[in-house]
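Protein sequences appear in the order of chains A and B. Residues in the first sequence are numbered from 1 upward in steps of one, following this note's numbering. Residues in the second sequence are numbered from 314 upward in steps of one, following this note's numbering. Backbone N, C-alpha and C fix where the C-beta goes; we use that ideal spot for every residue, glycine too. Report on one structure; see the data block that follows.
Protein chains: 2
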Amino acid sequence: MKVNIFLHESFSSMAEIIDGKAVAAQIGEEIRRDIEEFVKKGNRTPHLTAILVGEDPASQIYVNNKMKTATTVGITSCTKSLPADISEKELLDVIDELNNDPNVDGILVQLPVPEHINERNVCNAVAREKDVDGFSVYNVGRMSLDMDSLIPATPLGVIELMKRSNIETFGKNAVVVGRSKNVGMPIAMLMHADGRNETKGLDATITICHRFTPPKELAKYCSMADIIITATGVPGLITKEMVKPGACVIDVGITRITDPNTGKAKLVGDVDFEEVRQVAGWITPVPGGVGPMTVAMLMHNTFKAAKNLAKCE
Amino acid sequence: MKVNIFLHESFSSMAEIIDGKAVAAQIGEEIRRDIEEFVKKGNRTPHLTAILVGEDPASQIYVNNKMKTATTVGITSCTKSLPADISEKELLDVIDELNNDPNVDGILVQLPVPEHINERNVCNAVAREKDVDGFSVYNVGRMSLDMDSLIPATPLGVIELMKRSNIETFGKNAVVVGRSKNVGMPIAMLMHADGRNETKGLDATITICHRFTPPKELAKYCSMADIIITATGVPGLITKEMVKPGACVIDVGITRITDPNTGKAKLVGDVDFEEVRQVAGWITPVPGGVGPMTVAMLMHNTFKAAKNLAKCE
């Protein structure tokens, strides 16, 4: 107990805010330089094609952001907008065409797809070597076996953000809150895996909490953790009392709420930021934390796919 | 603290020993009846082929055990013994032949293979629908995504043993000690996954500990756990002090040691059985716990493969 109080005081100067936007910009600049080099050597400029089904405004914003960033790093891109009532078969045909197009390196189907289309079939239809979202059975299988693969951009962004912030993970206690297959599960896999293997796991002890973890137990696991990564979409889930003084808190949650004070819409994460920053050692803001990293790692994956495809030619 | 002492006393009558041999026999009998039915309907008798490379005595015993059990449940089987100096290419050719043999439902390559052969290439060479060990990238990927698949026999056996012993898992705290890709990782995946999905996950909160988890932290996580599953091969790793009174302790470890009292060889698990049984609520012995379940679930997988292949014909 005394130790905790002592630590708390020594951290009372507030958490270091991890600037995801700055780190992502740095990564983008590195990728831009590397692509410039790659193209100078006579390779084709990497190309990313996004598929957007329907007219969900949030999806449109996400895809636009990705495409804008692609341009800044030197990846050419194109968005195929398809009607919301397209059949699954027609969508799979479009994917197949892109799979066979030698000028396309990365294919990204913006999720969610309309309900009449099976998301899993869509994810698996993307050619494994162009699967820059890493959602196919093949890439998930390889990642789960610590083999080199295309890893989903958000988990990869979380890992990269920690690495570049010099967060110690080896033998540390980490909690992942949320078990989604696109975010929580891959993060847990990469966090606990062996650093000597191809995916260069972070060798942390990992606890996976989820919707059926009783709140009291969630609080207990979090309070033991050197690192908390939360990806639930439940605003305010992680409070000050749950965080060990000095811990690193990574907030993957992103929820649009109406600000009770201003009446305006705003984006918030899972973490009670203003309170938790008073005890944590490091904390990511929302927005400006993990979000920009996702886009940066998508660029990383597209360039990786392009390099792999260039080798095969 | 008082609660713990109270619980401890109420459990002082010693843990219930989970009889894996009896449960495995029960499962074997169910499979035998189902196969009888399957064959009566005009289907070919399920067939399992094992590949044994080299002359490791332990591997020979394992394979013999599996083949004997196959006979008792009505699965025909055959063991291909190959010389230790076979090349990887030649081994892959043998696997490919079996992949294309319409009379073979399950293919099992007994691990480990000699060092000059890449184990991963071998596991991936087995046709996904005949991969009764569930070690291929395809089946690992599907399992990790909670999709129906052939799941490695030991993890499946651990889950089945808990289900048939009526161990509560929903929202409970579980620890998996060991992160191997064939045992610890799949157990962690199935333990924490969503019960509403195809793999019918057990919805527990899961902590994965491993060689880099500091002993003090391992003890802490274990002492919070309602369920401890250990798969490390470190005899005596789990001691009485680490176990919460009433917890369920599943011992997947199996190590051959020399008994200090008798001077004879004997098999032991990771758990200090005599001590831990005094506090645990349930405990599996070694031998006679998880071991027989592995063999039973291999039969389950072979029959499952046979049913799937029969549907495709």
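- In the DSSP annotation of this structure, Val252(A) is not part of any beta strand (DSSP E), being labelled neither H nor E.
- As a beta-bridge residue in DSSP terms, Asn173(A) pairs with Thr205(A).
- Contact with chain B is absent for Val183(A), since none of that chain's Cβ atoms lies less than 8 Å from the residue's Cβ.
- In the three-state reduction of the DSSP assignment, Gly604(B) falls in the helix class.
- The residue among Ser536(B), Met380(B) and Leu515(B) with its C-alpha nearest the C-alpha of His210(A) is Leu515(B).
- The alpha-carbon separation between Ala219(A) and Ile480(B) amounts to approximately 24 Å.
- For Ser457(B), a Cβ of chain A is located within less than 8 Å of the residue's own Cβ.
- Within 7 Å of the CB of Asn173(A), the CB atoms of chain B belong to Glu530, in sequence order along the chain.
- Put simply, the CB of Thr205(A) is near chain B, with a gap under 8 Å to one of its CB atoms.
- Beta-carbon to beta-carbon, Gly341(B) and Met612(B) are separated by about 7 Å, close enough to satisfy the 8 Å threshold.
- Among the CB atoms of chain B, one or more fall inside 8 Å of the CB of Gly141(A).
- For Pro155(A), not one C-beta of chain B is nearer than 8 Å to its own C-beta.
- Between Val140(A) and Ser457(B) the beta-carbon gap is near 5 Å, inside 8 Å, which marks them as a contact.
- Inclusion of Phe586(B) and Phe212(A) in the CB contact set at 8 Å is not warranted, their separation being larger than that value.
- In this structure, DSSP gives Ser372(B) a helical state, which the three-state scheme calls helix.
- At the C-beta level, Val73(A) and Ile107(A) stay beyond 8 Å of one another.
- Within 8 Å of the CB of Phe273(A), no CB atom of chain B is found; the nearest one sits about 25 Å away.
- With a beta-carbon spacing of about 6 Å, Ile75(A) and Thr302(A) fall inside the 8 Å limit used to define contacts.
- The CB of Ile95(A) never comes closer than 8 Å to any CB in chain B; the least such distance is about 18 Å.
- The criterion of a C-beta distance shorter than 8 Å is not satisfied by Asn434(B) and Glu410(B).
- Less than 8 Å divides the Cβ of Val176(A) from the Cβ of Ile208(A).
- Using a CB distance below 8 Å, no part of the region 373-398 of chain B faces chain A.
- Rounded to whole angstroms, the Cβ separation of Val562(B) and Ile570(B) is 19 Å, and the two are not in contact under 8 Å.
- Look at Leu190(A) here: in three-state DSSP terms it is helix.
- In chain order, Asp332, Gly333 and Lys334 place their CB closer than 8 Å to the CB of Gly601(B), counting only its own chain and leaving out the 5 sequence neighbours on each side.
- Closer than 8 Å to the CB of Ile208(A) there is at least one CB belonging to chain B.
- Counting other Cβ atoms within 10 Å of its Cβ, Asp398(B) stays below 16 and is therefore classed as exposed.
- Around the CB of Arg196(A), fewer than 16 other CB atoms lie within 10 Å, so the residue is classed as exposed.
- Beta bridge pairing from DSSP links Cys391(B) with Thr362(B).
- Using beta-carbon distances, Met224(A) counts as an interface residue toward chain B, with a partner under 8 Å.
- In the three-state DSSP reduction, Lys579(B) falls in the strand class (E or B).
- At least one C-beta of chain A is nearer than 8 Å to the C-beta of Phe525(B).
- Only residues of its own chain outside the window of five on either side were considered, and among them Ala487, Leu515, Ala517 and Ile519 have a CB closer than 6 Å to the CB of Met504(B), listed in chain order.
- Under the three-state reduction of DSSP, Leu421(B) is assigned to strand.
- Just measuring C-alpha positions, the residue of Ala70(A), Ile151(A) and Leu111(A) sitting nearest Ser81(A) is Leu111(A).
- Residue-level contact check: Lys220(A) touches chain B, since one or more beta carbons of chain B fall below 8 Å from its beta carbon.
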